[in-house]
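These protein sequence lines map, in sequence, to chains Z and U.
Just so you know, we're using our numbering here: the first sequence kicks off at 22 and counts up by one.
Just so you know, we're using our numbering here: the second sequence kicks off at 266 and counts up by one.
Ideal Cβ positions, reconstructed from N, Cα and C, are used throughout, including at glycine.
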Amino acid sequence: MPSNLRWKIILIAVLTALGIFLCVPSLMWDYSSNTSRMPDWWHDAKVLPRRAVVLGLDLQGGMHLVVSVDTEEAVRNDLTQIKDYIKDALRQEKIVVEDIQTTPDNKIQIDFSDSANLDKGSTWVRKFYGRVLQESAPSTLRRVYTLDDTQANEYRNNAVKQVMETLTSRIDEFGVSEPSIQKQSRNRIVLQLPGIKEEDRNRVLNIIQRTAKLEFLLVDDVASSKEALLARSNGNVPPGKIILPEVDEKTGKVSAWYLLKTEPKMTGSYLVDARMNTGGKMDLGGGYNVDFQFNLEGARLFSRITGENIGKNLAIVLEDKVKSAPVIKARIFDRGVIEGRFSLEEARDLAIVLRAGALPVGIRVEEERTVGPTLGKDLIARGQLAALTAVAAVLLFMVTYYSAGGLIADLAVFLNLLFIFAGLASLRATLTLPGIAGIALTVGMAVDANVIIFERMREEIRAGKTMRAAIDAGYQRSLWTILDSNITTLIAAAILFQVGTGPIRGFAVTLTIGLVSSVFTSVVATRTIYDLWYLYTGKSGKLRIGLKSAD
Amino acid sequence: MQWIKPGTKIDFVGKRIYFFIASLTAIVLSLLSFLWPKPNWGLDFKGGSELRVRFAKEVEVGKLRKAMDSLNLGEAQIQSIKPGIAEEKGHEDFIIRVELQQAKEDQKTVQASKLISDKLAETFGADSFQVLSINFVGPKVGKELRVHGVQALVYAMIGILVYVSVRFEFRYALGAVLALLHDSIISAGFYNVIQREWSLTIIAALLTIIGYSVNDTIVVYDRIRENVRKARRGTLGEIINQSLNETLSRTILTSFATMLAVLFLAIFGTGVIRDFSIIMLFGIVVGTYSSIYIASSLVLLYDDIRGRRSLDQERKK
C-alpha cells in the first residue's frame with residue numbers, strides 16, 4: 022500500500038473515531054430533563070467529552086431577551102455629579118456664580134457674577150476638569166463646558182457593564198440554569214434564559230426591568246395632594262428637596278404626597294442582604310414585608326442619620342415611590358424593614374432585586390422571544406421528520422443516478438453528518454430549528470462536490486481514459502473547482518453568522534461546519550475509498566459510476 | 266443513468282440579448298413588487314407582540330377576533346394553524362399578533378401578552394388553552410433588523426466580488442455578483458408576489474441562495490478558465506458556450522439534488538422552515554438559470570463594452 026494512502030486511511034479513521042467519540046455524550050443525553058445518562062466514571066475522567074449538542078432556545082424552550090441600556094441617562098447623571106462637585110468647590114473657593122446648571126444638550130453652563138470671578142472660576146475648572154471638559158465662551162460672563170467624547174463613552178460603557186453585572190446577579194438570584202448574558206452592541210444586552218416557563222415569564226421581565234433604586238430620605242412635610250404641598254412652600258419645590266408620591270401597592274392609586282430632603286443621602290447600595298418575611302401581621306391583612314441588612318459602612322451612616330433625627334419621619338423610597346415613612350423611635354444600626362403589604366411573589370422578587378443591587382440607569386426590553394417546552398418538542402419532531410426525509414431523498418437519488426459511485430457519495434454524506442454533530446458538540450454551538458434545515462441543505466450541497474467529481478470522471482472515461490486515470494483526473498481537476506465554490510459559499514455563511522442572532526446563527530454554524538467537512542469528505546474520504554477499491558480489486562473490479570470505463 | 270447526454274451543443278450565449286431583456290424585465294417587476302403588492306413584513310421587521318396559543322377544542326375565529334379587538338392594542342391579526350401532515354390532531358393553534366407591546370390600565374403599564382392571555386381566559390376559560398410562545402419586537406429593533414438584512418446581503422456580495430476577483434478576474438467577479446444581485450432581487454420579488462411573511466429566516470434564505478448560485482457560477486467559470494488555457498482557436502463566446510455545455514450535466518444534477526432536499530423540507534417542515542424552503546426552491550431555479558444564461562454572458566457584455574480581447578491576450582491572464 023502506498024504510504025500516502027496509508028496516511029489518508031489513518032487520518033480518516035482517527036477523525037471518524039473522534040467524531041463518534043464526541044457524539045457519544047449527545048446520544049446519551051436526556052433532553053427532556055437536560056441531564057446526562059453517561060456513567061459516573063465517564064464524568065470523573067476529565068479528558069472524556071462531556072458536552073452534548075446544545076439545543077437552541079427555539080427548540081428547548083426558554084426566553085431570549087434583548088434589552089437596551091439608557092446610556093444617555095448615565096452621561097446625564099455623571100455630568101450632574103460633576104456639576105455638583107464644581108458648584109461645591111467654587112463655593113468653598115469663594116468664587117461667586119450667578120447660576121450653574123446642566124443643559125439639555127449635556128453641557129454645564131456657568132454664569133459668573135463678574136469678570137474677576139470668571140477668571141478665577143474658569144481657571145479652577147480648567148485646572149481640575151480640563152481633561153474632561155472643553156470650555157467655550159458664548160458671552161462675556163457665561164462659560165459652557167462640553168464633556169469630552171472619550172469620557173462620555175467611558176461613562177456609557179461603564180453603565181452597560183454595571184447593568185450587565187446587576188442583571189447577571191439578579192438572574193442568578195432568581196435561579197436559571199445556564200443563563201447567558203452578553204453584550205450585543207454599544208448599548209444592547211442579550212439574555213438567554215433556557216427553561217423559563219410561561220408562568221415565570223412575567224416575573225422575569227419584572228425582575229429584569231425594575232431599577233430597584235432604594236433610598237432613605239427624611240420627611241419634611243406630607244399632604245394629600247401635590248398642590249397642597251407646593252402651596253405651603255410658595256409654589257416651588259424648595260432647593261435640596263423633592264416631592265414624591267406614596268402609591269398603594271394593590272390599587273395603584275396615590276395615597277399621599279411627601280416633601281423629602283435629598284440630603285443626607287442613604288441608599289440601597291449599602292445593602293448586604295434582603296429577605297422577605299411575613300411580618301407576623303398577616304391577620305391584619307398586611308401581607309409580606311422585606312427585611313434588609315446594611316454592610317458596616319452603611320450601618321455607620323444609618324446609625325448617624327437615625328441617631329440625629331429621633332422623633333422625625335424617615336421615608337423608605339423604592340423606585341421613586343414612598344413605601345412607608347415611619348417615625349424614628351431610636352437609633353437604628355444595620356437592620357430595617359420595608360413594609361409595603363406585598364404579595365408573596367412581589368416580596369420575594371423585591372428581595373431578589375434588592376440583594377442583586379440597583380440598576381444605575383433605566384433599561385428597556387427591545388425584543389423578546391419566549392418559546393414554551395411544548396412548542397419546542399413539536400418543532401423538534403417536525404424538524405427531524407423534514408430533515409430525515411430530505412436527507413433520505415438525496416441519498417436515494419445519488420444511488421439511483423450513480424449506482425456504486427453514489428453509494429460512496431452517500432457514505433461521505435454520513436461521515437459529513439457525523440462531523441456536523443461532533444462539531445456542534447465540541448464547539449458548544451447550538452442546534453436551532455433553522456439549523457436543522459441547514460443540515461438537510463448541507464447534505465444537498467455536500468453531494469455537489471461528489472457530482473462535480475463524478476461528472477468529471479465520466480467526461481474522462483468518455484474521452485477514452487481507463488478507470489484509474491479517470492479517477493486521478495477527476496479528483497485532480499475538480500479540487501480547485503470544489504474549493505472555489507465552497508469558499509464563496511463560506512463567505513455568505515460567515516456574514517450570516519456575523520449579522521444573525523439566535524436561530525439564524527445556528528443555521529450559519531451548521532452550514533459552515535457542513536461546508537468545511539464536505540470538502541474533506543468528498544476530496545479526501547471518497548478518494549481513499551476509490552483508491553482502496555482499486556488497490557484490492559485491480560483491473561478486474563469495475564467500480565461503476567453509472568458509466569462503463571474503457572478498461 | 267444519464268439525463269443530460271454528452272456532447273450537447275446548446276448556444277447559450279448567442280441569444281444572450283433575449284435573456285438579458287427577460288432578466289431585466291423580471292428585475293424591474295420584482296422591484297415594483299415592493300410598491301405593489303408590497304412585502305408582507307412579519308413581526309421581525311414591523312415590530313409588535315405575538316402570541317401562539319393552542320386550544321384543546323375548536324374555537325370560533327369570530328369570537329376570538331372580537332375578543333382581541335376589544336383590547337385596544339392596535340390592529341389584531343389572527344392566523345389559524347391547523348395540524349399539518351404527520352402531526353397529532355385534536356388541537357388548533359392560533360397566532361395572535363397586535364401592534365402594541367403594552368397598554369395603560371389604571372396607571373399601570375400592562376404587557377400586551379398578559380392582556381391577551383387574560384382576555385382569552387375570560388372568554389374561553391383558563392383551562393381551554395395554552396400559551397406556546399410569546400414574541401415581542403420593539404419598533405426600533407424591527408427597523409434595525411431590516412437594515413442589517415440588506416447590509417448582510419451587500420457585504421456578502423462584496424466579499425464574493427473580492428474573492429472571485431482574486432481567483433479569476435474582475436470582469437468575472439462583476440458578472441458573478443451582478444448575477445447574484447439578479448437572483449436575490451427576483452427571489453425577493455417572487456416572495457412579495459406570493460405574499461408570504463418576511464422574517465429574518467427569509468434574509469438567511471436569500472444569503473443561502475446567493476451562496477448557492479455563486480457556487481454554480483464558479484464551477485462554470487473554472488471550466489471557462491481551463492478551456493481558455495487549452496483552446497487553440499475560437500472566440501471567448503465559443504469557449505464559454507463549450508464550457509457551459511460541458512458543465513451542464515453537473516449544474517442540473519446538483520440543482521436537482523438540492524431542490525429535492527428543499528422540497529421535502531417544504532412539505533414536512535413547519536413555520537419558518539417552510540417559508541425558508543419555499544423561497545429557496547424558487548431561488549435555486551433562478552440561481553441555476555442565472556449561472557447558465559446570465560453570469561457568463563455578462564463577461565461577454567463587459568467585453569462588448571470595453572472592447573474585445575483576443576484569445577492570446579486572454580491566455581496570458
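Can you tell which of the options has the C-alpha that lies nearest to the C-alpha of residue i?
i               : options                           : result
L338 of chain U : U:A470, U:A453, U:I361 and U:F433 : U:I361
L445 of chain Z : Z:F528, Z:D221 and Z:R548         : Z:F528
N480 of chain U : Z:E367, Z:A433 and Z:T463         : Z:T463
E409 of chain U : Z:A546, Z:L553 and Z:V520         : Z:V520
E220 of chain Z : Z:P394, Z:A411 and Z:D552         : Z:P394
V484 of chain U : Z:I503, Z:A351 and Z:V240         : Z:I503
V146 of chain Z : Z:M185, Z:D120, Z:N127 and Z:Y106 : Z:Y106
A137 of chain Z : Z:K115, Z:W62 and Z:I337          : Z:K115
L501 of chain U : U:F389, U:D568, U:I459 and U:L445 : U:D568
G357 of chain Z : Z:V386, Z:R369, Z:S324 and Z:R385 : Z:S324
Residues in the same chain with beta-carbon distance under 7 Å from residue i, minus the five sequence neighbours each way, listed in chain order, please.
i               : result
I263 of chain Z : L281 and T283
I30 of chain Z  : T549
S393 of chain U : F320, A321 and K322
L436 of chain Z : T37, T542 and A546
L426 of chain U : A438 and V442
D132 of chain Z : V118, E119, D120, L162 and R163
L530 of chain U : I538 and S542
S464 of chain U : G307, D309, V537 and D540
N127 of chain Z : V96, R97, L100 and L168
V402 of chain U : L308, D309, G312 and G313
D370 of chain Z : R224, N227 and I228
Closer than 6 Å by C-beta to residue i: which residues in its own chain qualify, once you throw out the five before and the five after it? Chain order, please.
i               : result
R330 of chain U : I343
I346 of chain U : D358
D304 of chain Z : Since pLDDT at D304 of chain Z reaches only 47, below the 50 mark, its modelled position is unreliable, and the value read off the structure follows with that caveat. Closer than 6 Å at the Cβ level, and outside the excluded window around D304 of chain Z, lies no residue.
Y486 of chain U : F433 and Y437
G523 of chain Z : H85
M419 of chain Z : G427, A430, D431 and V468
V275 of chain Z : P266 and V268
I451 of chain U : A291, S295 and V551
Residue i and residue j: beta carbons closer than 7 Å?
i               : j               : result
A417 of chain U : I516 of chain Z : yes
A277 of chain Z : E267 of chain Z : yes
A592 of chain Z : V311 of chain Z : Outside the displayed span of chain Z (22 to 572) sits residue 592 of chain Z, for which this structure offers no information.
T523 of chain U : G465 of chain Z : yes
R281 of chain U : S478 of chain U : no
S298 of chain U : N492 of chain U : no
Y279 of chain Z : G319 of chain Z : no
N400 of chain U : R390 of chain Z : yes
K234 of chain Z : E340 of chain Z : yes
A413 of chain Z : A526 of chain U : no
Could you spell out the range, first to last residue, of the alpha helix (DSSP H) harbouring residue i?
i               : result
A413 of chain Z : P394 to L448
F394 of chain U : Element bounds for F394 of chain U: not the alpha helix (DSSP H) but the beta strand (DSSP E), F394 to V402.
W268 of chain U : Per DSSP, W268 of chain U belongs to no alpha helix (DSSP H) and is neither H nor E.
G495 of chain Z : M488 to V520
S345 of chain U : Unbroken run through S345 of chain U is the beta strand (DSSP E), A341 to I346; no alpha helix (DSSP H).
K262 of chain Z : Run containing K262 of chain Z: none in the alpha helix (DSSP H); it sits in the beta strand (DSSP E), K262 to V268.
V240 of chain Z : Per DSSP, V240 of chain Z belongs to no alpha helix (DSSP H); it is in the beta strand (DSSP E), L235 to A244.
I337 of chain Z : Note, I337 of chain Z: premise wrong, no alpha helix (DSSP H); beta strand (DSSP E) at L335 to L339.
K247 of chain Z : K247 to R253
Looking at the secondary structure, which residues open and close the beta strand (DSSP E) in which residue i lies?
i               : result
P381 of chain Z : P381 of chain Z -> no beta strand (DSSP E), and no H or E assigned at all.
P302 of chain U : No beta strand (DSSP E) contains P302 of chain U, which DSSP labels as neither H nor E.
G357 of chain Z : R356 to F363
V153 of chain Z : Element bounds for V153 of chain Z: n/a, residue is neither H nor E.
E315 of chain U : G313 to F320
P455 of chain Z : Note, P455 of chain Z: premise wrong, no beta strand (DSSP E); alpha helix (DSSP H) at L454 to R483.
Q366 of chain U : Note, Q366 of chain U: premise wrong, no beta strand (DSSP E); not H, not E.
To which residues of the same chain is residue i closer than 8 Å at the C-beta, ignoring the five residues directly before and after it?
i               : result
G562 of chain Z : For G562 of chain Z, the predicted model reports a pLDDT of 48, less than 50, meaning its position is unreliable and no value from the coordinates is stated.
L500 of chain Z : V544
D448 of chain U : I474, I475, S478, G548, V551, G552 and S555
S24 of chain Z  : none
Practice prompt. Could I get the ranges of all uninterrupted beta strand (DSSP E) runs contained in the region 64–95 of chain Z, with 3 residues as the minimum, in chain order?
Written response: Runs of the beta strand (DSSP E) inside the region 64–95 of chain Z: 83–90.
Worksheet item: For the region 115–164 of chain Z, which segments carrying the beta strand (DSSP E) assignment without a break, of at least 3 residues, lie completely within its bounds, in sequence order?
Response: Counting whole runs of 3 or more residues, the region 115–164 of chain Z contains the beta strand (DSSP E) stretches 118–124, 128–133 and 154–160.
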